[in-house]
Amino acid sequence: MGIEIERKYTVNEKVSDLIKQLPVGEEICQGYLNSTPERTVRVRIKGQKAYLTVKGKNQGIARAEFEYEIPIEDGRNLLPLCEPFCIEKIRYTFSLDNLIWELDVFQGAHKGLIIAELELDDADRDIKLPDWIEKEVSDDPRYYNSNLAKTAGLKI
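The sequence shown begins at 0 in numbering that gives the first Met the number 0 and counts up by one.
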């Protein structure tokens, strides 16, 4: 069984300078076949690949996660079966202080929202946060992608 340990953060205006220095991001479109808190089932198209992901209920910042690459055509055919709204974002991935960071720059209904994510191997790991981090939102359900997909147009 896979375990995802993830921290999420909102960012401040200093992140704009960082984004300008990063290589081109990767476009992501994702929808949810099921978005209940006990289990989410996500379809994601990332670049020219597609994935089916099943996640369990959050236990703090950790939860069970199973992700499988699927044929791109299957991913394209599954997206219309998803709950009403899909998330569109550009993901920038980079290394900083021996950690892999992901910056999700949302498009569409959530344009302007930027979330920084950090996947860890230990929930108690000490992290030196960069100056472009505003606040941690790991436990705030408004920032879960599955909830963002339900709240197209909601201002956060």
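The beta-carbon is built from N, C-alpha and C at its ideal position, and this holds for glycine as well.
Here the structure is a predicted model, which is why all the values come from computation and not from measurement.
Uninterrupted beta strand (DSSP E) stretches inside the stretch 20–50 (no shorter than 3 residues): Annotation note: the stretch 20–50 contains the following uninterrupted beta strand (DSSP E) runs of length 3 or greater, listed N- to C-terminal: 25–35 and 38–45.
DSSP beta-bridge partners of PHE84: As a first step, residue 84 is located in the sequence shown; it is residue number 85 there, counting from the start. Partner(s): none; PHE84 has no beta bridge.
Straight-line Cα distance separating ILE86 from ASP138: Here residue 138 refers to the residue found at position 139 when the sequence shown is read from its first residue. Here residue 86 refers to the residue found at position 87 when the sequence shown is read from its first residue. Approximately 20 Å, taken between the alpha carbons.
Residue interval of the beta strand (DSSP E) (run including ARG124): Locating residue 124 in the sequence shown gives position 125, where the first residue counts as 1. For ARG124, there is no enclosing beta strand (DSSP E), as DSSP gives it neither H nor E.
GLU3 in three-state terms, based on DSSP: Position 4 of the sequence shown, counting from 1, holds the residue named residue 3. Three-state DSSP puts GLU3 in a strand.
Nonlocal neighbours in the same chain, by C-beta distance under 7 Å from LYS13, ignoring five residues either side: Residue 13 sits at position 14 when you count from the first residue of the sequence shown. Only ASP130 and TRP131 meet the Cβ criterion.
Residue environment, THR92, which counts as buried when at least 16 other CB atoms sit within 10 Å: Position 93 of the sequence shown holds residue 92. Counting the other CB atoms within 10 Å of its CB gives THR92 a total below 16, which places it among the exposed residues.
VAL136, DSSP secondary structure in three states: Locating residue 136 in the sequence shown gives position 137, where the first residue counts as 1. DSSP places VAL136 in coil when its eight states are reduced to three.
LEU98 vs VAL42 beta-carbon contact at 8 Å: Within the sequence shown, the letter at position 99 stands for residue 98. Within the sequence shown, the letter at position 43 stands for residue 42. The Cβ atoms of LEU98 and VAL42 do not sit closer than 8 Å to each other.
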